[in-house]
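Chains as they are written, first to last, in the numbering used here: chain A, 1342 to 1928; chain B, 1342 to 1928.
The beta carbon of each residue, even a glycine, is placed where N, CA and C say it ideally should be.
There are 2 protein chains.
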Amino acid sequence: MTYRTDQATDLDTTRVGDTTTVSGWVSRRRDHGGVAFVDLRDATGLVQVVADPEEIQIVDELRMEYCIKVTGVVQERPEGTVNHEMLTGEIEIHANEVVILSPSKPLPFMLDDRSEIEERIRLRYRYLDLRRPHMAANLQARSRLTGAIRRTLDELGFLEVETPTLIRSTPEGARDMLVPSRLRQGNFYALPQSPQLFKQLLMIGGVERYFQIARCYRDEDFRSDRQLEFTQLDLEGSFWTQEDVLVTVEAVLKAAAREIRDVDLTDPFPRLTWQEAMDRFGSDKPDIRFGMEIVVLDDLFEDTEFGVFSGALDGGGTIRGINVGSRELSRAQADGLVDRAKELGAKGLVWIQVSEDGSLRSPVAKFLSDDEQSGLISRLEASLGDVLLIAADRWKTVSQVLGGLRLDLGRPNTQDELAFLWVTGFPMFEEEDDGTRTFSHHPFTSPVSIDEMVSDPDRAISQAYDAVLNGVELGSGSIRIHDPAVQRQVFEVLGIDEETAERRFGWFLEALEYGTPPHGGFAFGIDRLAMVLQGEDSIRDVIPFPKTQTGVDPMTEAPAEVDETQLKELGIQIRAEVIAAREEAGE
Amino acid sequence: MTYRTDQATDLDTTRVGDTTTVSGWVSRRRDHGGVAFVDLRDATGLVQVVADPEEIQIVDELRMEYCIKVTGVVQERPEGTVNHEMLTGEIEIHANEVVILSPSKPLPFMLDDRSEIEERIRLRYRYLDLRRPHMAANLQARSRLTGAIRRTLDELGFLEVETPTLIRSTPEGARDMLVPSRLRQGNFYALPQSPQLFKQLLMIGGVERYFQIARCYRDEDFRSDRQLEFTQLDLEGSFWTQEDVLVTVEAVLKAAAREIRDVDLTDPFPRLTWQEAMDRFGSDKPDIRFGMEIVVLDDLFEDTEFGVFSGALDGGGTIRGINVGSRELSRAQADGLVDRAKELGAKGLVWIQVSEDGSLRSPVAKFLSDDEQSGLISRLEASLGDVLLIAADRWKTVSQVLGGLRLDLGRPNTQDELAFLWVTGFPMFEEEDDGTRTFSHHPFTSPVSIDEMVSDPDRAISQAYDAVLNGVELGSGSIRIHDPAVQRQVFEVLGIDEETAERRFGWFLEALEYGTPPHGGFAFGIDRLAMVLQGEDSIRDVIPFPKTQTGVDPMTEAPAEVDETQLKELGIQIRAEVIAAREEAGE
């Protein structure tokens, strides 16, 4: 039994006259002049099969997506029927035998790229969705992407090491997913949010250059671009400075862009400190494919009579603006911008348009002096028709508002251009909503200065850095703490008392005591990188079998109920209130 | 700040006179003639540092495994002190500066390969254990092994596709590990025992050639070579016959052996049917590095007067023997063999030694006729001193007993030779201890003949096959069922009624309805392959961070108790009896 002698796209005019056997799916079928033309699709592409239903009766049974085997002779297509858009468009197979390997029920949706199908239906029939050309291309690209990453790191002398996924719960900013233990009832493993501590242990273990393409887990409330499980490239090196990390990650990202986009990126990538990124782009993950940079206007308005501006300055705030270019701005559109600014946290927004006659059209124009008006035009390099947006508030709010409006109004809607950059010098700590201090990156990140961290923690800068692509945070890394005394100090600044630190991290603090090398590393999301490189809007389109935003697989209906006996073996039970709620819902 | 200009083994006599900076660990330190000799170890190996403590006082502080940075000049070693067993044995670094990067506490055990350390202690300090040369070599080998596997499959046009690890519970012969869902309280994900159904879905999705190095999970009661989580190479192809699978896996295993052992294996590998393997070696995973094959003796004893033999034959059993070669056999040793046979399930064991004078020494010799005695010698090709072991019982018991004794007495105690083979033609079903019928491989395996499967299921042969290396089952595979009607028939033979099949597998049976290609595949354990190739006795020595046999990580003490609030969010609680037992134990 042979299913095939050739793949579809192996066939071309050099093979004319050869007998061939191909297997694949019926992608299209037309009848013309008593003869059937079947586009047979396999993993490589399409080839046209010509069959006479009078000779081969089974051809009349063929329907869309039937899986078939065809034996026949390769022939040149008759003049005028050559299809130049098809790789095999110069030939066709004249069938001698057609075998139906598997029939197909009528399809729930068409398998071309043009159909817009509800995502839940696509996921319910993911195995059909994956036959669509752009989804098949996404799977292929992802495989090539991880291949290129591995080759690059292999050449750089990295070891791929598998770290455990049934670990002890560690606090990394999101909820752990738990796995009850059967042999130690009442105890739980956690699924890793990242291999962070294990890769640091590998450094202590003398590995020096580690990487892993690792499955990680975060039980966050779903946002559009999050999944319960995701994949990250995780890497770490010993005797490394920040420069070593950045150069290595650049080599990996260059290889990725070359493999998937066939472009050679210029290195080193642009670098911005976190402060610069916030000041110029109002974001710690700026999209630098376009300008509209934020301009400081404080000095221009230091004597202003316009109360909103003077009030902001008096309150220790700042006045900043962006020029969003020449565009139509109806009153309704202007109101829309103000509403959006409020959504982003502003109390209001000043909009100004440079009219045809050079005067400023704005509800606040009358409050601004001539000097202020001309200063605005020159500072924001405004031309006729340009729209200027100005916010006055605390620095954080102004940055957030102008950064958000900048993206709304300027962001390209394709991913054709690739703009990578580094953001460095992140603050060591940040404030939680409840006012408590927490780590910005994770609690194993090294401060730039230990003294500064202790004396003025809220202004302390860490040795952490992010890689950003087209406004998407690809990943982050840092130089780690390798001195157990410093690690204890960081816990202290975070308000973790000694006893708690010992209970939760004692084993790790002990490991640091045995000649830990200085080390640092990085991790970035494969899903997000693949998404941008493939020009997709959703990570779900580059994940073979994703979950919905509520963590459900519509195909298998996971998660599901399980037998009570299984739970009993694990020493757990479902809480009474959950069962009651389920019964009430009539399940 | 530069930690190093060179790795230890970059340095040789061509570098004499160069100033170099190296970083690593103090592997050994001797003092001789007022000068300190420090073996500095990094990931590449060792280099000797010479320092004068009078000039560089810090040298006196150096202890084992301190992490240090040394700057100095490369010099040839004085005549008579060259060390030919060391890659850098012709040179040494004369230190100008030594910096302690991290001190180390005194070690809990010596880091050489000679020390025998209790495994629990090794795992408690795994980060130190990994610094030992053979453990470092195991990590490196494993990375090279998966690299070679990936390169091979990449060249063969396979896509690496990541399948989900939070799935719906499926029955594959072992217990699932469960993950409670927070967004759907009272529901659970399962961790996959293998990517089986998802890889079949990829075939339905048109991928045609898939592989993945996949983390899998089995909550089995621990045996010496099992872990809760393990890694397998998982592959699948469409339009494939058994031959296609075997050729592909052979290519992968050949690449693995070449990479790790630098040997070129002859292909195709030997193939035995399951029946042959059981008959000749008494095992479905025979170690064929040595003979001692099982010989059928039924016809020799068809008229025997020895009751044990005639009784076995009359009861439908069989008489078989092995020649375990010339060896000392005291009465106590012989009794030991009989005891071992009983452990293996025999009621007794006949032992015979060919004495110096050619007569047979055996408690049963007197019951055997001259013809039977000479027949035994000729059938078992016995020479002077040879020990013959004979079992008479049901076929299954005889195979088990002689197969077990054969391994005890013949198995080489190194893994120097690599003997791969295929076992094919496994039975479709087998009997569970309680007499019910279950699948031998998994319920998605195709029978050789559907008619036979329905008419005589207990004798039906499947299209399943195992790869065996030196008596270790590396993995198994099969041609799958691609016809939903056949899949339903298999469920029926397994006693799974239609409603249950629909409830548990309805989504998969539906997927099979959409033009499923014929397909088959394979999976083998990376841990076991790495173990044999590295000549280790335990898979734990090739897993970076394994668990103990009770599923515990002695380093982090996972699994651990978690906060009640975390459990509440997940809608679960620990059962009262578990809490009571814990309190009783005084925890």
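With fewer than 16 other Cβ atoms inside 10 Å of its own Cβ, B:Thr1354 counts as exposed. The Cβ of B:Ala1377 sits no closer than 8 Å to any Cβ of chain A.
Taking 8 Å as the cut-off, the beta carbon of A:Pro1505 is found no closer than this to the beta carbon of B:Glu1438. Of all residues in the region 1396-1409 of chain B, those with a C-beta nearer than 8 Å to a C-beta of chain A are Glu1406, Tyr1407, Cys1408, reading in chain order. At a Cβ-Cβ threshold of 8 Å, B:Gly1812 and B:Thr1614 do not count as neighbours. In terms of CA proximity to A:Glu1433, A:Gln1389 leads the group A:Ala1723, A:Glu1851, A:Gln1389. For A:Val1590, DSSP records no beta bridge to any residue. A:Glu1561 carries a coil assignment under DSSP once its states are collapsed to helix, strand and coil. DSSP places A:Gly1677 in the uninterrupted alpha helix (DSSP H) bounded by 1672-1684.
Boundaries of the beta strand (DSSP E) around B:Ser1817: 1813-1820. In the structure shown, B:Leu1500 adopts extended strand secondary structure according to DSSP, grouped into three states. Separation of A:Leu1352 and A:Glu1600 (C-alpha to C-alpha, rounded to the nearest whole angstrom) is 26 Å. Fully enclosed alpha helix (DSSP H) runs of no fewer than 4 residues occupy 1467-1470 of the region 1465-1492 of chain B, in order along the chain. For B:Pro1521, the enclosing beta strand (DSSP E) begins and ends at 1518-1521.
With respect to the C-alpha of A:Tyr1407, the residue from A:Glu1431, A:Gln1398, A:His1425, A:Val1379 having the closest C-alpha is A:Val1379. At a cut-off of 4 residues, the continuous stretches assigned as alpha helix (DSSP H) that sit fully inside the region 1839-1865 of chain B are 1839-1852.
Secondary structure note for A:Arg1567: it is in no alpha helix (DSSP H), with a DSSP letter that is neither H nor E.
Chain order gives the chain A residues near B:Ile1920 as Gly1527, where near means a beta carbon separation below 8 Å.
Just so you know, the alpha carbons of B:Trp1848 and B:Glu1854 end up roughly 10 Å apart.
Considering only beta carbons, the part of the region 1475-1488 of chain A lying closer than 7 Å to chain B consists of Ala1477, Leu1480, Gln1481, Ser1484, Thr1487, Gly1488, in chain order. Within the region 1560-1580 of chain A, the residues whose Cβ lies closer than 7 Å to some Cβ of chain B are Asp1560, Leu1569, Glu1570, Thr1572, Phe1580, listed in chain order. The way I'd put it, the region 1667-1686 of chain A doesn't touch the region 1644-1651 of chain A; fewer than three beta-carbon pairs between them come closer than 8 Å. For secondary structure counted as the alpha helix (DSSP H) over 4 or more consecutive residues, the region 1365-1431 of chain B holds no complete run. Note that the C-beta distance between B:Gln1830 and B:Ile1820 is not below 8 Å. At the C-beta level, B:Gly1816 and B:Ala1760 stay beyond 8 Å of one another.
At least one beta carbon of chain A lies nearer than 8 Å to the beta carbon of B:Leu1442. Under a criterion of Cβ atoms nearer than 8 Å, no residue of chain A is adjacent to B:Phe1863; the nearest Cβ is some 17 Å distant. Short of 7 Å from the beta carbon of B:Phe1708, and not among the five residues preceding or following it, lie these beta carbons of its own chain, in chain order: Glu1646, Phe1647. The alpha-carbon of B:Leu1576 is positioned some 25 Å away from that of B:Ser1879. The Cβ atoms of A:Val1636 and A:Gly1662 lie closer than 8 Å to each other. Cα atoms of B:Thr1343 and A:Ser1796: separation of roughly 28 Å, rounded to the nearest angstrom.
In this chain, the alpha helix (DSSP H) harbouring B:Leu1748 covers 1736-1751.
Within the region 1802-1830 of chain A, the residues whose Cβ lies closer than 8 Å to some Cβ of chain B are His1823, Asp1824, listed in chain order. The alpha-carbon of A:Leu1725 is positioned some 11 Å away from that of A:Arg1702.
When the Cα atoms are used, A:Gln1914 and A:Glu1772 turn out to be separated by approximately 37 Å. Against A:Ile1663, chain B offers no close residue; the least beta-carbon distance is about 39 Å (beta-carbon pairs closer than 7 Å).
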